[in-house]
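A.B. asks: Pasting in a structure now, in structure tokens, and then I'll have a few things to ask.
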Amino acid sequence: MEWFEWFLSREFRQFILNHDLFIPLLFLARVIFVTALELIFPARKISYRSILLRDLVGCTLVGYILIPASEFLSNRIAFRASMHDVMMELPIAALFLLYYVVGDFGAYWMHRLMHCKAFWRAHKWHHSPTTMYWLAGYRASLPQQTLFNLPWIFAYSVFGMSPWWMYLAVLSSHMLLNDWMHMNVSWRSNWLERIIVTPRYHHIHHSDDPAYFNANFGVTFTIWDRIFGTYVDPETVEQPISFGIGEQVPLVRLIAGV
Numbered sequence: 032m033e034w035f036e037w038f039l040s041r042e043f044r045q046f047i048l049n050h051d052l053f054i055p056l057l058f059l060a061r062v063i064f065v066t067a068l069e070l071i072f073p074a075r076k077i078s079y080r081s082i083l084l085r086d087l088v089g090c091t092l093v094g095y096i097l098i099p100a101s102e103f104l105s106n107r108i109a110f111r112a113s114m115h116d117v118m119m120e121l122p123i124a125a126l127f128l129l130y131y132v133v134g135d136f137g138a139y140w141m142h143r144l145m146h147c148k149a150f151w152r153a154h155k156w157h158h159s160p161t162t163m164y165w166l167a168g169y170r171a172s173l174p175q176q177t178l179f180n181l182p183w184i185f186a187y188s189v190f191g192m193s194p195w196w197m198y199l200a201v202l203s204s205h206m207l208l209n210d211w212m213h214m215n216v217s218w219r220s221n222w223l224e225r226i227i228v229t230p231r232y233h234h235i236h237h238s239d240d241p242a243y244f245n246a247n248f249g250v251t252f253t254i255w256d257r258i259f260g261t262y263v264d265p266e267t268v269e270q271p272i273s274f275g276i277g278e279q280v281p282l283v284r285l286i287a288g289v
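All residue numbers for the sequence shown refer to my numbering, where the first residue is 32 and numbers rise by one.
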């Protein structure tokens with residue numbers, strides 16, 4: 032059992048961090064887990080062969096270029112208002128909840144801003160997939176990624192979430208939530224949709240039906256859509272939903288957001 036003890040040791044964590052293996056290992060685990068769920072509980076039949084390679088390239092670009100670049104830019108734009116000493120007195124669970132409530136409120140309004148004419152060009156490529164599954168959520172331009180980071184970086188700064196493990200926990204949770212809301216799964220829960228964004232809830236937002244272009248902007252919680260009048264009940268939407276914006280996406284334009 033020495034190998035198991037090593038996996039739990041500080042040396043293993045340091046090895047992962049020193050060799051930048053956290054994101055690749057997390058990605059591998061996600062690929063196996065999420066793809067298995069989509070194969071077992073598919074909402075619609077899709078052909079991975081025709082789309083997987085392109086989206087894997089896009090996901091790699093997001094992980095190794097767009098996210099680091101956008102974080103670099105966002106950290107220099109965002110207003111930093113640290114309350115570290117006060118906030119660190121709170122329980123960890125309370126910190127996470129506050130982080131997500133404040134960050135998600137900002138993300139909701141940033142998402143709505145992305146649908147305004149002036150910013151739509153940077154965001155519309157995210158709506159380009161005609162097949163909705165977990166990797167489709169990683170089609171994002173550098174301007175979009177930078178702007179979407181701002182409310183989360185602000186929330187992270189305010190609540191002083193500085194320990195390295197908390198950063199990894201936050202990063203992991205964002206990745207998993209993004210996978211979750213774009214997944215091609217038939218599973219549904221009406222009570223869960225009263226609280227958080229689910230795949231069928233978010234898929235409505237990606238519909239190519241103009242009636243839903245400005246609906247269900249929520250990123251984590253559905254309450255903002257309910258409060259600000261952009262909520263569409265998934266039970267009222269006729270299935271199946273079709274997706275896309277009627278354009279093919281050149282990779283250069285995907286990255287640049289033009």
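Ideal Cβ placement from N, Cα and C applies to all residues, glycine included.
If you compare alpha carbons, which of Phe190, Ala60, Ala74, Gln45 is closest to Gln270?
C.D. replies: As a first step, residue 270 is located in the sequence shown; it is residue number 239 there, counting from the start. Ranking the options by Cα distance to Gln270, first place goes to Ala74.
A.B. asks: In angstroms with no decimal places, state the Cα-to-Cα distance between Thr293 and Asp135.
C.D. replies: Lying outside 32 to 289, the shown extent of the chain, residue 293 is not represented and no answer is given.
A.B. asks: Closest to Leu166 by C-alpha separation, out of Ile276, Leu84, Leu144, Thr251, would be which residue?
C.D. replies: Taking the first residue of the sequence shown as 1, we reach residue 166 at position 135. The shortest C-alpha separation from Leu166 is found at Leu84.
A.B. asks: Which whole-angstrom value is the C-beta distance of Ala163 and His154, which I expect to be below 8 Å?
C.D. replies: Counted from its first residue, the sequence shown places residue 163 at position 132. Counted from its first residue, the sequence shown places residue 154 at position 123. Residue identity differs from the one stated: residue 163 is Met in this sequence, not Ala. At roughly 16 Å, the Cβ-Cβ gap does not stay under 8 Å, so Met163 and His154 are not in contact.
A.B. asks: Using a Cβ-Cβ cut-off of 6 Å (strictly less than) and excluding sequence neighbours within five positions of Ile82, which residues of its own chain qualify?
C.D. replies: Taking the first residue of the sequence shown as 1, we reach residue 82 at position 51. The residues are Thr162.
A.B. asks: For Gly249, is the classification buried or exposed, using 16 other Cβ atoms within 10 angstroms of its Cβ as the cut-off for buried?
C.D. replies: As a first step, residue 249 must be located in the sequence shown, where it is residue number 218. Classification for Gly249: buried.
A.B. asks: Buried or exposed: Tyr198, going by 16 or more other Cβ atoms within 10 Å of its Cβ?
C.D. replies: Counted from its first residue, the sequence shown places residue 198 at position 167. Flag for Tyr198 reads exposed.
A.B. asks: Count the other C-beta atoms from every protein chain shown that fall within 10 angstroms of the C-beta of Asp256, then say buried if there are 16 or more, exposed otherwise.
C.D. replies: Looking up residue 256 in the sequence shown gives position 225. By the 10 Å Cβ count, Asp256 comes out buried.
A.B. asks: Rounded to whole angstroms, what's the CA-CA distance from Leu57 to Tyr187? Just pull it up for me.
C.D. replies: On the sequence shown, residue 57 is found 26 positions in, with the first residue counted as 1. On the sequence shown, residue 187 is found 156 positions in, with the first residue counted as 1. Their Cα atoms are separated by approximately 21 Å.
A.B. asks: Identify the continuous alpha helix (DSSP H) that holds Leu178 and give its terminal residues.
C.D. replies: By one-based count along the sequence shown, residue 178 stands at place 147. From DSSP, the alpha helix (DSSP H) with Leu178 extends over 173–189.
A.B. asks: Starting from the C-beta of Ser217, find all residues in its chain whose C-beta is less than 8 Å away, skip the five residues before and the five after it, and write them out in chain order.
C.D. replies: On the sequence shown, residue 217 is found 186 positions in, with the first residue counted as 1. The answer, listed in chain order, is Phe72, Pro73, Ala74.
A.B. asks: Spell out the partners DSSP gives Ile227 in its beta bridges.
C.D. replies: The residue labelled residue 227 in the question sits at position 196 within the sequence shown. Answer by DSSP bridge pairing, in chain order: Phe252.
A.B. asks: With DSSP collapsed to three states, give me the class of Ser238.
C.D. replies: Looking up residue 238 in the sequence shown gives position 207. Strand at Ser238.
A.B. asks: Hey, Met141 and Leu181 are a contact pair by Cβ (cut 8 Å); roughly how many whole angstroms apart?
C.D. replies: Stepping through the sequence shown from its first residue, residue 141 is reached at position 110. Stepping through the sequence shown from its first residue, residue 181 is reached at position 150. Between Leu181 and Met141 the Cβ distance is about 7 Å, and since that is below 8 Å, they are a contact.
A.B. asks: Strictly by DSSP, which residues pair up with Phe274?
C.D. replies: Residue numbering aside, residue 274 sits at position 243 when the sequence shown is read from its first letter. Note: Phe274 sits in a beta bridge opposite Ser238.
A.B. asks: For Ser173, which option in Ser78, Phe46, Leu285, Glu42 has the closest C-alpha, if you only look at C-alpha atoms?
C.D. replies: Translated into positions along the sequence shown, residue 173 becomes position 142. What sits at residue 173 in the sequence shown is Leu, not Ser. Nearest of Ser78, Phe46, Leu285, Glu42 to Leu173, Cα basis: Leu285.
A.B. asks: Would Thr177 be called buried (16 or more neighbouring beta carbons within 10 Å of its own) or exposed?
C.D. replies: Here residue 177 corresponds to residue number 146 of the sequence shown, with the count starting at 1. Result: buried.
A.B. asks: I'd like to confirm something about Val289: is its beta-carbon nearer than 8 Å to some heavy atom of the ligand FMN, or not?
C.D. replies: Only the bare structure without any ligand can be found here, which leaves the ligand FMN out of the picture.
A.B. asks: Give me, in chain order, the residues of the same chain whose beta-carbon lies closer than 7 Å to that of Ile290; leave out the 5 immediate sequence neighbours on both sides.
C.D. replies: Given that the chain is displayed from residue 32 to residue 289, the structure contains no residue 290 and the question cannot be resolved.
A.B. asks: Quick one, which of Phe150, His233, Val289 has its alpha-carbon nearest Ile272's?
C.D. replies: Position 241 of the sequence shown holds residue 272. Considering only alpha carbons, the answer is His233.
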